[in-house]
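Asker: Mind having a look at this structure? Questions to follow.
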Amino acid sequence: ISILVIQGPNLNLLGTREPEVYGKTTMQDIHTKLEAIAKSESVGLTTFQSNHEGELIDRVQKAKQDGIDFIIINPGAFTHTSVALRDALAGVAIPFTEVHLSNIHQREEFRKHSYLSDIATGVICGLGPIGYELALQAAIARLNP
Ligand code: DQA
Numbered sequence: 021i022s023i024l025v026i027q028g029p030n031l032n033l034l035g036t037r038e039p040e041v042y043g044k045t046t047m048q049d050i051h052t053k054l055e056a057i058a059k060s061e062s063v064g065l066t067t068f069q070s071n072h073e074g075e076l077i078d079r080v081q082k083a084k085q086d087g088i089d090f091i092i093i094n095p096g097a098f099t100h101t102s103v104a105l106r107d108a109l110a111g112v113a114i115p116f117t118e119v120h121l122s123n124i125h126q127r128e129e130f131r132k133h134s135y136l137s138d139i140a141t142g143v144i145c146g147l148g149p150i151g152y153e154l155a156l157q158a159a160i161a162r163l164n165p
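Residue numbers (the numbering used here): 21 to 165.
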């Protein structure tokens with residue numbers, strides 16, 4: 021089993037970026053935790069972050085060639101803007117969970133709509149970094165019934 025974690029724009033700044041909204045945990049802290057879970061469950065885990073829409077799309081397309089079984093994605097602000105990222109995920113037809121650290125429904129109006137949620141296997145938001153861990157555990161349970 022191989023699982024890909026994709027982090028969108030500005031998530032590389034976690035830890036210092038608006039800590040009152042996103043907390044103090046860094047992206048590396050999150051990935052270290054996910055790697056430990058993956059190792060203990062004997063599944064492959066790859067992580068990828070980009071601030072560029074096209075690079076995120078290229079990575080989704082490459083996931084198909086790589087035989088990735090499941091994607092966990094925090095698309096950052098592209099959640100609310102990117103038809104192209106939606107099309108890429110729909111195009112590869114790899115099941116995915118959308119994760120947000122913050123509760124996007126509690127914030128500005130423009131964050132309430134996601135271009136991905138209706139084609140996602142699941143959506144987790146508002147639980148902070150643990151949301152990624154829950155998404156990983158759910159993906160493993162789904163792939164490994
Ligand atoms: C986010 C929520 C988005 O609205 C925002 O643009 C982000 C992070 C989250 O994890 O809460 O960059 O995806």
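Even glycine gets a Cβ: it sits at the ideal position worked out from N, Cα and C.
All values derive from a computational prediction rather than experimental measurement.
Please determine whether the Cβ atom of Leu121 lies at a distance below 7 Å from any heavy atom of the ligand DQA.
Answerer: Mapped onto the sequence shown, residue 121 falls at position 101. Leu121 Cβ: within cutoff of the ligand DQA.
Asker: Enumerate, from N- to C-terminal direction, the unbroken beta strand (DSSP E) stretches of 3 or more residues contained entirely within the stretch 111 to 163.
Answerer: With a minimum length of 3 residues, the unbroken runs of beta strand (DSSP E) contained wholly in the stretch 111 to 163 fall at 116 to 120 and 142 to 145.
Asker: Return the Cβ separation of Phe90 and Gly28 in integer angstroms, given the expectation that the two are a contact with Cβ distance under 8 Å.
Answerer: Mapped onto the sequence shown, residue 90 falls at position 70. Mapped onto the sequence shown, residue 28 falls at position 8. Phe90 to Gly28, Cβ: 17 Å. No contact.
Asker: Looking at the structure shown, is Asn30 part of a helix, part of a strand, or coil, going by DSSP?
Answerer: To locate residue 30, count along the sequence shown from 1; it is residue 10. DSSP places Asn30 in coil when its eight states are reduced to three.
Asker: Is Ile50 helix, strand or coil when you go by DSSP?
Answerer: Numbered from its first residue, the sequence shown carries residue 50 at position 30. The answer is helix: DSSP assigns Ile50 an H, G or I state.
Asker: Under 8 Å between the Cβ atoms of Glu118 and Ile88?
Answerer: The sequence position of residue 118 within the sequence shown is 98, counting from 1. The sequence position of residue 88 within the sequence shown is 68, counting from 1. No, the Cβ-Cβ distance between Glu118 and Ile88 is not below 8 Å.
Asker: In whole angstroms, give me the CA-to-CA distance for Asp86 and Thr45.
Answerer: Indexing the sequence shown from 1 puts residue 86 at position 66. Indexing the sequence shown from 1 puts residue 45 at position 25. Each residue's Cα considered, the two are about 29 Å apart.
Asker: Could you tell me whether any non-hydrogen atom of the ligand DQA is closer than 7 Å to the CB of Ile124?
Answerer: By one-based count along the sequence shown, residue 124 stands at place 104. Yes, since a heavy atom of the ligand DQA falls inside the 7 Å radius drawn around the Cβ of Ile124.
Asker: Helix, strand or coil for Ser62, going by three-state DSSP, please let me know.
Answerer: On the sequence shown, residue 62 is found 42 positions in, with the first residue counted as 1. DSSP places Ser62 in coil when its eight states are reduced to three.
Asker: Keeping to the same chain, check which residues put their C-beta closer than 7 Å to that of Ala110; ignore five residues upstream and five downstream.
Answerer: Position 90 of the sequence shown, counting from 1, holds the residue named residue 110. Contacts found: Ile139.
Asker: Helix, strand or coil, according to DSSP, for Thr36 in the structure here?
Answerer: Within the sequence shown, the letter at position 16 stands for residue 36. Three-state DSSP puts Thr36 in coil, outside helix and strand.
Asker: What's the C-alpha gap between Asn123 and Ile144?
Answerer: To locate residue 123, count along the sequence shown from 1; it is residue 103. To locate residue 144, count along the sequence shown from 1; it is residue 124. One C-alpha to the other measures close to 9 Å.
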